[in-house]
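**Q**
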């Protein structure tokens, strides 16, 4: 029997209307949907997708859980277990649609599962979603980059010792945990700063300068730091 | 009378199924659609969007034309003329839905029109689209960034004198015009390279190494250069 395909499908940043037609169709046409969390219906990805594609509620929902841990061995165990869960269905010839926030190629936990499942000989595929940084820029109604400006996307786990002094725009992802240090860097950079917390979610909040940003900003905080226009 | 709103709406990179539900709804619910080109029905944005949302064919289609010129005064004239075209409808209280390839915050010509129209006191809004680099990464079935890797997006107009030696992944946009120089840099960088030409279009082509990339690659070429996994 032919095995199924594991799809990593982006559901975008929060607003159900920012899901793609393809994401909705894949949910509609397949039976098995994987969600990143312990309880599928409690995941953010589920809550977004079910609003855009109500048939999701009738599907076989499987939880694939990744605890937030810095213990690499524990991470690896969880990724292996997640892959094994998906493979049970792939073996039966069923596709598995793994729904992931934002886009599946940008800091997605799906990547880890994908590597393992591919190593085991299964076929995988990716379906793009709207990234959090594009949505945040749209929310503050500003471009991220124009003309010859580079764009630098820096995740929270990256060392921020350098001083944001390359040309172009910086996007700082999920900086909540070290906001004090980040605010200092931003102030020194002289850049135009905007921050969106929980973009597209009911608890969304927007800040239009470094000074406005609270030291205890949430995990899902995204900062856009542009060069000042001369 | 209340004036209309100018919307910059991303239609994604080529595949009509990568349009968002919101882009389709805005086309459906509004009468005036602006397309970037001399003849609206000949534009790439139109050809993508009409497949996802056939009602587009019945709309009032307005051309907003930007010639590819390096003459900044000529550019400015064209942007002013484009803004004036949109404002004729905004004044009448009609929204204008400007369809743009990819995402409207990433190297979009919409940004120029938006600045002018805002300076004239009108309201604008942005609706995210799938970026070409996310779609290209999905096409080659690889992540762009994982864990603590930064992402650097470098447009063709940016000077490429430096040697792609920052940590993380580089995306080189529209590098077609100086492919010789770019291939040399890529080879020296020792990075894992993939290139997608015309992603999501019928004439799409994928290359999986620097050596495979032809010197005369097309304008819509997107290169992903990742650090080699140890």
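Protein chains in written order, with our numbering: chain C, 2 to 231; chain D, 2 to 231.
All C-beta atoms, glycine included, are put in the ideal place defined by N, C-alpha and C.
1. Is it true that the CB of residue 97 of chain C sits closer than 8 Å to the CB of residue 5 of chain C?
2. Report yes if the C-beta distance between residue 82 of chain C and residue 7 of chain C is below 8 Å; otherwise report no.
3. Taking the continuous beta strand (DSSP E) assigned at residue 180 of chain C, which residues delimit it?
4. Per the contact definition of three or more C-beta pairs closer than 8 Å, is the stretch 119-130 of chain D in contact with the stretch 213-220 of chain D?
5. Rounded to whole angstroms, what is the Cα-Cα separation between residue 1 of chain D and residue 29 of chain C?
6. In the structure shown, what three-state DSSP assignment does residue 225 of chain C receive?
7. I'd like to know whether the C-beta of residue 129 of chain D is nearer than 8 Å to at least one C-beta of chain C.
8. Measure from the C-beta of residue 154 of chain C to each C-beta in chain D and report whether the shortest distance is under 8 Å.
9. Can you give me the start and stop residues for the alpha helix (DSSP H) that residue 73 of chain C sits inside?
10. Run the CB neighbour count on residue 71 of chain C, radius 10 Å, all protein chains shown included, and call it buried at 16 or more, exposed below.
11. For residue 61 of chain D, count the other beta carbons within 10 Å of its own beta carbon; 16 or more makes it buried, fewer makes it exposed. Which is it?
12. Less than 8 Å separating the beta-carbons of residue 103 of chain C and residue 49 of chain C?
13. Within 8 Å of any Cβ in chain C, is that where the Cβ of residue 151 of chain D sits?
14. Run down chain D in chain order and give the residues with a C-beta less than 7 Å from the C-beta of residue 1 of chain C.
15. For residue 177 of chain D, name the three-state secondary structure that DSSP assigns.
16. Could you tell me which of D:111, D:148, D:75 and D:33 sits nearest to residue 58 of chain D, measuring between CA atoms?
17. May I ask you to report which of helix, strand or coil DSSP gives residue 14 of chain D?
18. Kindly indicate which three-state DSSP category residue 64 of chain C falls into: helix, strand or coil?
19. Below 8 Å between beta carbons: does that hold for residue 147 of chain C and residue 26 of chain D?
20. Along the chain, where does the alpha helix (DSSP H) that runs through residue 118 of chain D open and close?
21. Can you find a C-beta in chain D that's less than 8 Å from the C-beta of residue 187 of chain C?
22. By Cβ distance below 7 Å, which residues in the same chain neighbour residue 189 of chain C in space, the five residues on each side in sequence not counted?
23. Cα-Cα, which of D:22, D:52, D:227 and D:42 is closest to residue 54 of chain C?
24. Identify whether residue 28 of chain C lies in helix, strand or coil by the three-state DSSP scheme.
25. Tell me residue 7 of chain D's beta-bridge partners as DSSP assigns them.
26. Taking residue 167 of chain C as part of the alpha helix (DSSP H), name the residues at either end of that continuous run.
27. Would you identify the three-state DSSP class for residue 35 of chain C, choosing helix, strand or coil?
28. Hey, is residue 104 of chain D's beta-carbon within less than 8 Å of any beta-carbon in chain C?
29. So residue 125 of chain C packs on residue 9 of chain C, CB below 8 Å; how close in whole Å?
30. Should residue 157 of chain D and residue 176 of chain D be called a contact, given that it needs their Cβ atoms to be closer than 8 Å?
31. Would you call the CB atoms of residue 170 of chain D and residue 95 of chain D closer than 8 Å?
32. Terminal residues of the continuous alpha helix (DSSP H) containing residue 154 of chain D?
33. Identify the continuous beta strand (DSSP E) that holds residue 208 of chain C and give its terminal residues.
34. Could you give the C-beta distance for residue 24 of chain C and residue 99 of chain C, rounded to a whole number, given that I count them as a contact under 8 Å?
35. Just to make sure I have the definition right: I need the residues of chain D whose C-beta is within less than 7 Å of the C-beta of residue 23 of chain C. Which are they?
36. Between which two residues does the beta strand (DSSP E) containing residue 195 of chain D stretch?
**A** Considering the structure as presented:
1. For the purposes of this step, residue 5 of chain C is taken as the residue at position 4 of the first chain. For the purposes of this step, residue 97 of chain C is taken as the residue at position 96 of the first chain. Taking 8 Å as the Cβ cut-off, residue 5 of chain C and residue 97 of chain C qualify as a contacting pair.
2. Along the first chain, one-based indexing puts residue 82 of chain C at 81. Along the first chain, one-based indexing puts residue 7 of chain C at 6. No. Outside cutoff.
3. Within the first chain, residue 180 of chain C is the residue found at index 179, counting from 1. From DSSP, residue 180 of chain C is part of no beta strand (DSSP E) but of the alpha helix (DSSP H) over 180-190.
4. no
5. Nothing about residue 1 of chain D can be reported from this structure: the residues present for chain D run from 2 to 231 only.
6. Numbered from 1 along the first chain, position 224 holds the residue referred to as residue 225 of chain C. Strand.
7. Numbered from its first residue, the second chain carries residue 129 of chain D at position 128. Contacts with chain C at 8 Å (Cβ-Cβ) include residue 129 of chain D.
8. For this step, residue 154 of chain C is matched to residue 153 along the first chain. Contacts with chain D at 8 Å (Cβ-Cβ) include residue 154 of chain C.
9. Looking up residue 73 of chain C in the first chain gives position 72. For residue 73 of chain C, the enclosing alpha helix (DSSP H) starts and ends at 73-92.
10. As a first step, residue 71 of chain C is located in the first chain; it is residue number 70 there, counting from the start. With fewer than 16 other CB atoms across the displayed protein chains lying within 10 angstroms of its CB, residue 71 of chain C is exposed.
11. What you label residue 61 of chain D is simply residue 60 of the second chain in a count that begins at 1. With fewer than 16 other Cβ atoms within 10 Å, it is exposed.
12. Residue mapping note: residue 103 of chain C aligns to position 102 of the first chain, counting from 1. Residue mapping note: residue 49 of chain C aligns to position 48 of the first chain, counting from 1. No, they are not a contact pair.
13. Within the second chain, the letter at position 150 stands for residue 151 of chain D. By the rule that beta-carbons nearer than 8 Å mark a contact, residue 151 of chain D touches chain C.
14. Outside the displayed range of chain C (2 to 231) lies residue 1 of chain C, so it cannot be described from this structure.
15. Your numbering for residue 177 of chain D matches position 176 in the second chain. Residue state, collapsed to three classes: helix.
16. The sequence position of residue 58 of chain D within the second chain is 57, counting from 1. That would be D:33, whose Cα lies nearest to the Cα of residue 58 of chain D.
17. By one-based count along the second chain, residue 14 of chain D stands at place 13. Here residue 14 of chain D sits in coil by DSSP.
18. As a working note, residue 64 of chain C is residue 63 in the first chain. Residue 64 of chain C: strand per DSSP, three-state reduction.
19. Here residue 147 of chain C corresponds to residue number 146 of the first chain, with the count starting at 1. Here residue 26 of chain D corresponds to residue number 25 of the second chain, with the count starting at 1. Cβ atoms of residue 147 of chain C and residue 26 of chain D: not closer than 8 Å.
20. Residue mapping note: residue 118 of chain D aligns to position 117 of the second chain, counting from 1. Start and end: 111-120.
21. Taking the first residue of the first chain as position 1, residue 187 of chain C is located at position 186. False, the Cβ-Cβ gap to chain D never drops below 8 Å.
22. Residue mapping note: residue 189 of chain C aligns to position 188 of the first chain, counting from 1. Contacts found: 164.
23. Position 53 of the first chain, counting from 1, holds the residue named residue 54 of chain C. Of D:22, D:52, D:227 and D:42, the residue nearest in Cα terms is D:22.
24. Indexing the first chain from 1 puts residue 28 of chain C at position 27. The answer is helix: DSSP assigns residue 28 of chain C an H, G or I state.
25. Indexing the second chain from 1 puts residue 7 of chain D at position 6. BP columns for residue 7 of chain D point to D:97 and D:125.
26. To locate residue 167 of chain C, count along the first chain from 1; it is residue 166. No alpha helix (DSSP H) holds residue 167 of chain C; DSSP gives it neither H nor E.
27. Counting from 1 along the first chain, the entry for residue 35 of chain C is found at position 34. If DSSP states are grouped into helix, strand and coil, residue 35 of chain C belongs with the strands.
28. By 1-based counting over the second chain, the position of residue 104 of chain D is 103. So, interface residue.
29. Here residue 125 of chain C is taken as the residue at index 124 of the first chain, counted from 1. Here residue 9 of chain C is taken as the residue at index 8 of the first chain, counted from 1. The pair is a contact, with the Cβ atoms about 7 Å apart (cut-off 8 Å).
30. Numbered from its first residue, the second chain carries residue 157 of chain D at position 156. Numbered from its first residue, the second chain carries residue 176 of chain D at position 175. Going by C-beta atoms, residue 157 of chain D is nearer than 8 Å to residue 176 of chain D.
31. On the second chain, position 169 is the one that residue 170 of chain D refers to. On the second chain, position 94 is the one that residue 95 of chain D refers to. No, Cβ-Cβ distance for residue 170 of chain D and residue 95 of chain D is not below 8 Å.
32. Against the second chain, residue 154 of chain D aligns to sequence position 153. Where residue 154 of chain D is concerned, there is no enclosing alpha helix (DSSP H), although the beta strand (DSSP E) it sits in stretches over 152-155.
33. Taking the first chain and counting its residues from 1, one reaches residue 208 of chain C at position 207. It spans 206-208 - the beta strand (DSSP E) in which residue 208 of chain C sits, taken as one unbroken run.
34. For the purposes of this step, residue 24 of chain C is taken as the residue at position 23 of the first chain. For the purposes of this step, residue 99 of chain C is taken as the residue at position 98 of the first chain. Residue 99 of chain C and residue 24 of chain C do not touch by the CB rule: their CB atoms are close to 11 Å apart, not below 8 Å.
35. Start at 1 with the first residue of the first chain, and residue 23 of chain C comes out as number 22. Near residue 23 of chain C (Cβ distances below 7 Å), the residues of chain D are 18 and 19.
36. The residue you call residue 195 of chain D lines up with position 194 of the second chain. From DSSP, the beta strand (DSSP E) with residue 195 of chain D extends over 193-198.
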